[in-house]
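Structure first, commentary second.
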Amino acid sequence: MRSCRRRFESGISSIVGIAALILIFIAIIAFLLTVLYRLADFTQSVGRVLEEKAESESIIRAVRGTWSYDNSTITINVTSQYPQALLITGLTIVFEDGTKLILSKYNGTLDEGSYVAIIKSSSKQIKTGIQLPITLSPGHTTVIQVSSDYIRNKKVLIVVATLANPSTLVALPLTQL
Numbered sequence: 229m230r231s232c233r234r235r236f237e238s239g240i241s242s243i244v245g246i247a248a249l250i251l252i253f254i255a256i257i258a259f260l261l262t263v264l265y266r267l268a269d270f271t272q273s274v275g276r277v278l279e280e281k282a283e284s285e286s287i288i289r290a291v292r293g294t295w296s297y298d299n300s301t302i303t304i305n306v307t308s309q310y311p312q313a314l315l316i317t318g319l320t321i322v323f324e325d326g327t328k329l330i331l332s333k334y335n336g337t338l339d340e341g342s343y344v345a346i347i348k349s350s351s352k353q354i355k356t357g358i359q360l361p362i363t364l365s366p367g368h369t370t371v372i373q374v375s376s377d378y379i380r381n382k383k384v385l386i387v388v389a390t391l392a393n394p395s396t397l398v399a400l401p402l403t404q405l
């Protein structure tokens, strides 16, 4: 009888050992699957960031902008060779004394006597207040004139245009004529 009991007890301990090993293997597999899912998410995130960076660089290469200043009017020319339409969502003008003029949909820091004229390539002139964003079509030039007593007799250091499309936002420094 004793030998039957020992066989029975060793059989139970074998089953318990096998169950413990199965649970350990399941835990290891669950851990590895979690790590693989996290790695896949990370890889997709890095891929999206790299795509956005590549798109930003191609926009910077395809869009040219210049600006000129004559005492009270800043004239900005932006030409796009990018295959898709872009939006000019903002303009930042930095002066030598450290002040900035920021033009956007939500921030128009110009006074009542100021105006922004937008001249599309179709030679149609639209005189408005701050009317951003402005559509920049492929192969076209948009001219923006900013006139104000605020900028009279100030030295302009740099003009930056902010461009956007559905997936990226780019700050484009413009060159002086």
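Heads up, the sequence shown is in the numbering used here, so the first residue is 229 and it goes up one at a time. Glycine included, each C-beta is placed from N, C-alpha and C at the ideal position. Keep in mind that this is a model prediction, so the values were computed, not measured.
Opening and closing residue of the beta strand (DSSP E) in which residue i lies
i	result
G293	291-297
N305	301-308
N393	384-393
I362	362-364
K333	It is not in any beta strand (DSSP E) - K333 carries neither H nor E in the DSSP assignment.
I321	314-323
T396	396-401
T369	369-375
Residue i to residue j span [Cα, whole Å]
i	j	result
L385	P366	28 Å
D325	V263	54 Å
S273	S376	45 Å
L251	A268	26 Å
T271	S286	22 Å
T369	R276	30 Å
A248	L261	20 Å
I421	A258	Examination of residue 421 is not possible in this model, given that the chain is present from 229 through 405 alone.
V398	I254	48 Å
I330	K383	16 Å
Q404	Y310	21 Å
Whole-number beta carbon distance between residue j and residue i, since they are thought to touch under 8 Å
i	j	result
V306	G318	With a Cβ gap of about 12 Å, V306 and G318 do not count as contacting.
S308	A282	Not confirmed; about 18 Å, so no contact.
L315	L364	7 Å
L360	K328	At roughly 16 Å, the Cβ-Cβ gap does not stay under 8 Å, so L360 and K328 are not in contact.
I379	S300	6 Å
Q312	N381	Actually they are not in contact, since the Cβ atoms of Q312 and N381 sit about 40 Å apart, beyond 8 Å.
Cut-off 6 Å between Cβ atoms - residues of its own chain near residue i, not counting five sequence neighbours on either side
i	result
T303	S296, Q373
G239	none
Cβ-Cβ distance between residue i and residue j below 7 Å
i	j	result
T390	S284	no
Neighbourhood of residue i by C-beta distance below 7 Å, restricted to the same chain and skipping five residues each side
i	result
L400	I288, V291, G293, V388, A389, L391
I243	none
E280	S395, T396
8 Å CB neighbourhood of residue i in its chain, flanking five on each side removed
i	result
G341	Any answer about G341 is weak, because its pLDDT of 48 lies below 50 and its placement is not dependable; what the coordinates show is given next. Within the same chain, G341 has close Cβ partners S376, D377.
L278	none
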